[in-house]
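Asker:
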Amino acid sequence: MPLAVENIAALFDWPDDELTEGAFLSELIDRTGVALVLDVANVYANALNRGQDPWTELQRLPLERIAYCHIAGGSIRDGMYHDTHTDPVPIEVLDLLRHLTDSGRRPAIMLERDGHYPPATELLTELDAIADAAGLDSITSNTAWSRI
Amino acid sequence: MSELARRQQELIVAGAALVRKRAGAVAHHLPIETSMLGDRFGSLFAEWADGRPKGGSWKESREFLEHLYTIEALGRPVPRRKRWFSRRKGSSL
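For the protein sequence lines, the chains are A and B, in the order given.
Just so we're aligned, residue 10 is where the first sequence starts under our numbering, counting upward by one.
Just so we're aligned, residue 38 is where the second sequence starts under our numbering, counting upward by one.
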């Protein structure tokens, strides 16, 4: 059974931490041989909340070990970005995925959505936007949905 | 803001986010009450959950519902109307 670890969205750092998130995951993956589930939205959330550049932070992760990707929406509350899974995917997160695509990595992607589901047309528009950022064909092309 | 104050603030924000997530899970079990309470659901749940360890969303939904009736947040359950006739002599049902 292949195992994978995912980078998390955290609202605070562990006190007296010795490793950055990227260094920790790299070492863990290196020593255990597991794969990485790259959550693009979590990278964005952490970078925004720590005042860092998302693409720089994303590159610190062991990208050569990606199993597949997660993407999700979120919103700002109490001055922090929360990875809620109940909001639309922000354009900045799509841009981060596009950056990853442009760098030559084409992993499979899953949209995480846990509630406040929008109407089907909105959700499909979002999935098409994700596919576009990932350099993939629109999922609604040549279906009844593309003619609505 | 001092370093300590910043860290404390981060913990408060993270704590509030976790309670909202917990409230969302409980709300799934109480669709009618969630709809009746509207915006008040979140704050009433946060108040009730404060200091109370997590107990699973189904169990929490039962306990929280009982709490909502206790504080009369939902109003009293509607009493059965008395019929103007009686089914049997002497019955008051």
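Glycine is no exception: its CB is placed at the ideal position from the N, C-alpha and C atoms.
Can you list, in chain order, the stretches of the alpha helix (DSSP H) that have 4 or more residues and sit fully within the region 23 to 68 of chain A?
Answerer: As far as the region 23 to 68 of chain A is concerned, its whole alpha helix (DSSP H) runs of at least 4 residues are 30 to 41, 49 to 59, 63 to 68.
Asker: So, are the CB atoms of A/A50 and A/A19 less than 7 Å apart?
Answerer: By 1-based counting over the first sequence, the position of residue 50 of chain A is 41. By 1-based counting over the first sequence, the position of residue 19 of chain A is 10. Their beta carbons are not under 7 Å apart, which means A/A50 does not touch A/A19 by this criterion.
Asker: Quick one: what does DSSP say A/S84 is sitting in, helix, strand or coil?
Answerer: Here residue 84 of chain A refers to the residue found at position 75 when the first sequence is read from its first residue. Residue state, collapsed to three classes: strand.
Asker: Just the Cα atoms here: how many angstroms apart are B/M73 and B/L105?
Answerer: Start at 1 with the first residue of the second sequence, and residue 73 of chain B comes out as number 36. Start at 1 with the first residue of the second sequence, and residue 105 of chain B comes out as number 68. Approximately 11 Å between the Cα atoms of the pair.
Asker: Might you give, ordered along the chain, the residues of its own chain that have their beta carbon closer than 7 Å to the beta carbon of A/R107, omitting 5 neighbours on each side?
Answerer: Residue 107 of chain A sits at position 98 when you count from the first residue of the first sequence. Closer than 7 Å at the Cβ level, and outside the excluded window around A/R107, lie A142.
Asker: Compare the C-beta of A/L133 with all C-beta atoms of chain B and state if any pair is closer than 7 Å.
Answerer: Numbered from 1 along the first sequence, position 124 holds the residue referred to as residue 133 of chain A. No, its Cβ sits nowhere closer than 7 Å to a Cβ of chain B.
Asker: Quick check: what's the CA-CA separation for B/Y95 versus A/T65?
Answerer: As a working note, residue 95 of chain B is residue 58 in the second sequence. As a working note, residue 65 of chain A is residue 56 in the first sequence. The question names Tyr, yet the displayed sequence has Trp at residue 95 of chain B. B/W95 and A/T65: Cα-Cα distance of roughly 42 Å.
Asker: Does any residue of chain B have a CB that is nearer than 7 Å to the CB of A/L20?
Answerer: Within the first sequence, numbered from 1, the residue matching residue 20 of chain A stands at position 11. For A/L20, the answer is yes, since a Cβ of chain B falls inside 7 Å of its Cβ.
Asker: Can you have a look at A/T29 and say buried or exposed, based on whether 16 or more other CB atoms are within 10 angstroms of its CB?
Answerer: For this step, residue 29 of chain A is matched to residue 20 along the first sequence. That one is exposed.
Asker: Just verifying my parser: in three-state terms, what is the DSSP assignment at A/A15?
Answerer: In the first sequence, residue 15 of chain A corresponds to position 6, counting from 1. The question names Ala, but residue 15 of chain A is Glu in the sequence shown. Note: A/E15 maps to strand in three-state DSSP.
Asker: Going by the beta-carbon positions, is the gap between A/E121 and A/H79 smaller than 7 Å?
Answerer: Indexing the first sequence from 1 puts residue 121 of chain A at position 112. Indexing the first sequence from 1 puts residue 79 of chain A at position 70. Taking 7 Å as the Cβ cut-off, A/E121 and A/H79 qualify as a contacting pair.
Asker: Any idea what DSSP makes of B/Y106, helix, strand or coil?
Answerer: Within the second sequence, the letter at position 69 stands for residue 106 of chain B. Of the three classes helix, strand and coil, the one that applies to B/Y106 here is helix, per DSSP.
Asker: Taking Cβ positions only, does B/V63 come closer than 7 Å to chain A?
Answerer: For the purposes of this step, residue 63 of chain B is taken as residue 26 along the second sequence, with counting starting at 1. Cβ-Cβ to chain A under 7 Å: no for B/V63.
Asker: Apply the 10 Å Cβ neighbour rule to A/N151 and answer buried if 16 or more other Cβ atoms are within range, or exposed otherwise.
Answerer: If you number the first sequence from 1, residue 151 of chain A lands on position 142. By the 10 Å Cβ count, A/N151 comes out exposed.
Asker: Using 8 Å as the Cβ pair cut-off and three pairs as the minimum, do the region 85 to 102 of chain A and the region 43 to 54 of chain B touch?
Answerer: Yes, they touch.
Asker: Determine which residues of the region 67 to 94 of chain A have a Cβ less than 8 Å from any Cβ of chain B, and write them out in chain order.
Answerer: Cβ contacts with chain B: R86, D87, G88, M89, H91.
Asker: Enumerate in chain order the residues of its own chain whose CB-to-CB distance from B/S98 is below 6 Å, with the five nearest sequence positions on each side excluded.
Answerer: Residue mapping note: residue 98 of chain B aligns to position 61 of the second sequence, counting from 1. Here the set comprises V63, H66, L67.
Asker: Can you name the residues of chain A whose CB is closer than 9 Å to the CB of B/L48?
Answerer: Taking the first residue of the second sequence as 1, we reach residue 48 of chain B at position 11. Going along chain A in sequence order, the residues near B/L48 (Cβ under 9 Å) are L20, F21.
Asker: Using the C-alpha atoms, what's the distance from A/I17 back to A/H56?
Answerer: Reading the first sequence from its first residue, position 47 is the one you call residue 56 of chain A. Reading the first sequence from its first residue, position 8 is the one you call residue 17 of chain A. According to the sequence provided, residue 56 of chain A is Ala. The question's His does not apply to it. Answer to the nearest angstrom: the Cα atoms are 12 Å apart.
Asker: Less than 7 Å between CB atoms is the rule here; does B/A60 satisfy it with respect to chain A?
Answerer: For this step, residue 60 of chain B is matched to residue 23 along the second sequence. So, not an interface residue.
Asker: Could you check whether A/D96 and A/G83 sit closer than 7 Å to each other, using their CB atoms as the reference points?
Answerer: Residue mapping note: residue 83 of chain A aligns to position 74 of the first sequence, counting from 1. Residue mapping note: residue 96 of chain A aligns to position 87 of the first sequence, counting from 1. Taking 7 Å as the Cβ cut-off, A/G83 and A/D96 qualify as a contacting pair.
Asker: On a CA-only basis, which of B/R89, B/L81, B/G92 is nearest B/T107? Give me that one, please.
Answerer: On the second sequence, residue 107 of chain B is found 70 positions in, with the first residue counted as 1. Taking only the C-alpha atoms, the option nearest B/T107 is B/L81.
Asker: Rounded to whole angstroms, how far is the Cβ of A/V52 from the Cβ of A/V14, which I believe are closer than 8 Å?
Answerer: Sequence index remark: in the first sequence, residue 52 of chain A carries index 43 (1-based). Sequence index remark: in the first sequence, residue 14 of chain A carries index 5 (1-based). So it is not a contact: roughly 14 Å between Cβ atoms.
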